[in-house]
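Let me begin by presenting the structure, written as structure tokens, before commenting on it.
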Ligand SMILES: Cc1cc2nc3c(=O)[nH]c(=O)nc-3n(C[C@H](O)[C@H](O)[C@H](O)COP(=O)(O)O)c2cc1C
Ligand code: SF4
Ligand code: SF4
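Numbering (my numbering), first residue to last: 27 to 314.
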């Protein structure tokens with residue numbers, strides 16, 4: 027069996043998910059190819075039995091570059107099995123609607139969804155999750171993936187519950203895509219910038235240039251993916267109108283051996299508890 031995993035990951039969380047899928051699928055003798063959407067379009071997946079799409083949820087939607095990538099796929103002659111993986115920072119049910127646009131595009135190209143999974147991973151915008159929370163999210167995802175792969179390979183369909191009027195809400199939320207460009211007009215760097223060039227290199231849509239004097243310029247097609255602001259080694263990027271939501275610096279995903287102050291203890295508390303409880307129940311039952 028052959029599988030291709032097409033993914034976008036702005037700040038590394040979805041990439042971790044994809045790597046975990048690759049490792050687990052290969053241990054079950056599935057031949058796995060990975061395609062990073064940053065590397066460009068592909069048109070044909072006819073050589074594969076399973077096509078995975080993996081993306082971070084952005085404003086209750088798939089990011090714009092993921093939709094563009096899907097539009098470049100040609101129509102498959104035979105129906106193609108599709109599996110969607112998504113990561114996001116909270117597990118509210120409204121996030122389930124994020125695949126509507128992607129599904130509309132892929133359905134027209136003869137792909138049919140059989141399985142969809144949503145894994146919690148730490149925020150790269152809004153606020154920084156604690157190191158303990160990030161560690162728990164990652165470990166939980168690693169525990170769930172082998173179980174989800176078992177369902178996929180056993181042909182057990184698993185779909186997320188979409189809320190009533192979800193398709194309408196999702197269409198309204200597509201406003202995030204032009205909104206990202208508007209936010210991009212207000213992005214700039216502060217005096218901490220050392221013109222290292224990293225942001226120019228890593229922007230997935232080549233929205234950043236650095237001139238001969240080392241000044242960083244932002245063009246007008248930002249995706250608001252946060253990669254530049256998240257990874258800037260000097261925390262020098264002012265993230266436009268959303269600067270107060272900026273998160274800077276990679277998560278370690280290592281269990282901290284120090285006390286942390288969690289300023290966001292109450293935030294989406296119920297949905298986090300539900301996610302972790304349901305996940306640990308599934309993982310424990312699978313061990314019995
Ligand atoms: C512009 C933007 C919008 C986001 N919107 C949501 C959202 O609607 N719901 C959510 O739970 N997380 C949201 N997030 C958080 C990311 O989905 C989450 O951190 C994800 O795991 C990042 O994955 P990546 O590192 O692969 O890019 C958003 C992040 C960004 C940058
Ligand atoms: S990554 Fe940061 S320090 Fe480096 S050029 Fe960009 S803004 Fe400046
Ligand atoms: S400018 Fe920054 S936030 Fe905008 S698309 Fe490029 S890396 Fe992402």
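Beta carbons: idealized from backbone N, C-alpha and C, even for Gly. These numbers come from a predicted model, not from an experiment.
Residue i CB to nearest heavy atom of ligand 1 below 7 Å
| i | result |
| --- | --- |
| residue 178 | no |
| residue 137 | no |
| residue 36 | yes |
Beta-carbon contacts of residue i that lie in its chain and below 8 Å, excluding the five residues immediately before and after
| i | result |
| --- | --- |
| residue 93 | 127, 128, 131 |
| residue 223 | 236 |
| residue 134 | 101 |
| residue 59 | 28, 29, 30, 31, 74 |
| residue 205 | 85, 250 |
| residue 260 | 218, 219, 220, 222 |
Cβ pair residue i, residue j closer than 8 Å
| i | j | result |
| --- | --- | --- |
| residue 308 | residue 170 | yes |
| residue 51 | residue 175 | yes |
| residue 147 | residue 39 | yes |
| residue 29 | residue 252 | no |
| residue 46 | residue 168 | yes |
| residue 123 | residue 189 | yes |
| residue 305 | residue 166 | yes |
| residue 138 | residue 108 | yes |
| residue 179 | residue 312 | no |
| residue 160 | residue 277 | yes |
| residue 246 | residue 296 | no |
Check: residue i C-beta below 7 Å from any heavy atom of ligand 2
| i | result |
| --- | --- |
| residue 260 | yes |
| residue 215 | yes |
| residue 242 | yes |
| residue 223 | yes |
Cutoff 6 Å; reference residue i; Cβ partners in own chain excluding five residues on either side
| i | result |
| --- | --- |
| residue 184 | 141, 177 |
| residue 290 | 153 |
| residue 143 | 111, 174 |
| residue 255 | 263, 265, 272 |
Any non-hydrogen atom of ligand 3 closer than 7 Å to residue i Cβ
| i | result |
| --- | --- |
| residue 267 | no |
| residue 249 | yes |
| residue 208 | no |
| residue 88 | no |
Cβ shell of residue i (< 7 Å), same chain only, five flanking positions each side left out
| i | result |
| --- | --- |
| residue 213 | 244, 248, 263, 264, 265, 266 |
| residue 90 | 203, 249 |
| residue 63 | 32, 33, 34, 91, 92, 95 |
| residue 48 | 31, 58, 60 |
| residue 67 | 95, 98 |
Inter-residue CB distance, residue i and residue j (contact presumed, cutoff 8 Å)
| i | j | result |
| --- | --- | --- |
| residue 258 | residue 274 | 7 Å |
| residue 106 | residue 77 | 6 Å |
| residue 42 | residue 164 | 7 Å |
List, from N- to C-terminal side, the alpha helix (DSSP H) runs of 4 residues or more that fit wholly inside the region 59 to 123. Given a length threshold of 4 residues, each whole run of the alpha helix (DSSP H) inside the region 59 to 123 is given here in chain order: 90 to 97.
Pick out the complete alpha helix (DSSP H) segments inside the region 123 to 198, 4 residues or longer, and give them in chain order. Scanning the region 123 to 198 from its first residue to its last, the whole alpha helix (DSSP H) runs of 4-plus residues come out as 126 to 134, 157 to 179.
Length-filtered (3 minimum) beta strand (DSSP E) runs lying within the region 225 to 295: Qualifying beta strand (DSSP E) stretches, in chain order: 234 to 236, 242 to 244.
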